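Here is the structure we will look at.
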Amino acid sequence: MHNLIALDALGPRICICGPSNAGKSTLAAAIARKQGLPAVHLDQLYHFPDTNWQPRPPEEFARLHAEAIAEDRWAMEGNYFALVPSRLTRATGIILLGSEPWRGLLRYVRRTLFEKERHGHIKGGQDHLNWMMIKIILVQQPRKRQRDLGILSASGLPMVQLNSLRELNDCYRTWQLQR
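All residue numbers for the sequence shown refer to my numbering, where the first residue is 441 and numbers rise by one.
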């Protein structure tokens with residue numbers, strides 16, 4: 441892991457991005473506990489509670505996102521790259537998790553079938569295996585990797601890029617984070 445910097449160097453507003461099922465929500469919660477920050481899970485702002493991932497109207501999500509990034513301190517996880525420019529104007533540091541599509545697919549199946557309560561889960565959410573989500577994990581997200589890396593890198597913010605589960609686990613140990 442060539443670019444692991446001190447957690448404090450990422451500042452009080454940390455933006456965590458990466459593919460679905462890469463560990464963004466768990467990492468955000470761990471950093472939030474360690475640094476005394478609120479954890480913000482964008483899926484919870486984007487989707488209505490008590491649904492099978494039904495999205496809110498775009499203007500409502502944009503308003504909730506704007507309110508969340510206006511806060512002084514946060515560990516915010518999620519992608520929603522249409523709103524990333526405004527998020528990056530407020531962020532003080534970035535973590536980009538790696539893209540291991542097959543590992544993401546296995547995590548998706550495990551958490552959908554067996555982990556009804558987890559970090560970032562939508563309150564009352566009704567998870568079901570979904571072919572569209574499988575396609576997103578295996579096909580669409582890997583294609584967007586370079587775009588995402590370019591957008592985040594261009595911000596000039598301190599950034600940690602974790603390319604694998606091994607590097608993510610090393611990060612937990614180095615930063616002394618608890619899952």
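Just so it is clear, CB atoms sit at the ideal spot from N, CA and C, and this is done for glycine as well.
Since the structure is predicted, the reported quantities are computational estimates derived from the model, not experimental observations.
Checklist entry - So does the segment 500-507 actually touch the segment 565-581, counting three or more Cβ pairs closer than 8 Å? => result no
Checklist entry - What is the rounded straight-line gap between the Cα of residue 583 and the Cα of residue 539? => result In a straight line, the C-alpha of residue 583 is about 10 Å away from that of residue 539.
Item to check | Reduced DSSP category for residue 533 - H, G, I as helix; E, B as strand; rest coil | outcome: Strand.
Item to check | Inter-residue Cα distance where the pair is residue 616 and residue 489 | outcome: 32 Å
Checklist entry - Does DSSP put residue 517 in a helix, in a strand, or in coil? => result strand
Next on the checklist: So, with DSSP's three-state summary, where would you put residue 487?
Outcome noted: strand
Next on the checklist: Can you tell me which residues form a DSSP beta bridge with residue 506?
Outcome noted: Its beta-bridge partners do not exist; DSSP assigns none.
Checklist entry - Of all the options 467, 487 and 486, which has the alpha carbon lying nearest to the alpha carbon of residue 478? => result 467
Checklist entry - What residues in its chain sit with their C-beta under 6 Å from that of residue 508, if we drop five residues either side in the sequence? => result 480
Next on the checklist: Counting C-beta neighbours from all protein chains within 10 Å, is the total for residue 516 16 or more, i.e. buried, or is it exposed?
Outcome noted: buried
Next on the checklist: Taking the straight line between their C-alpha atoms, what separation do you get for residue 618 and residue 612?
Outcome noted: 7 Å
Item to check | Residue interval of the beta strand (DSSP E) (run including residue 494) | outcome: Run containing residue 494: none; DSSP gives neither H nor E here.
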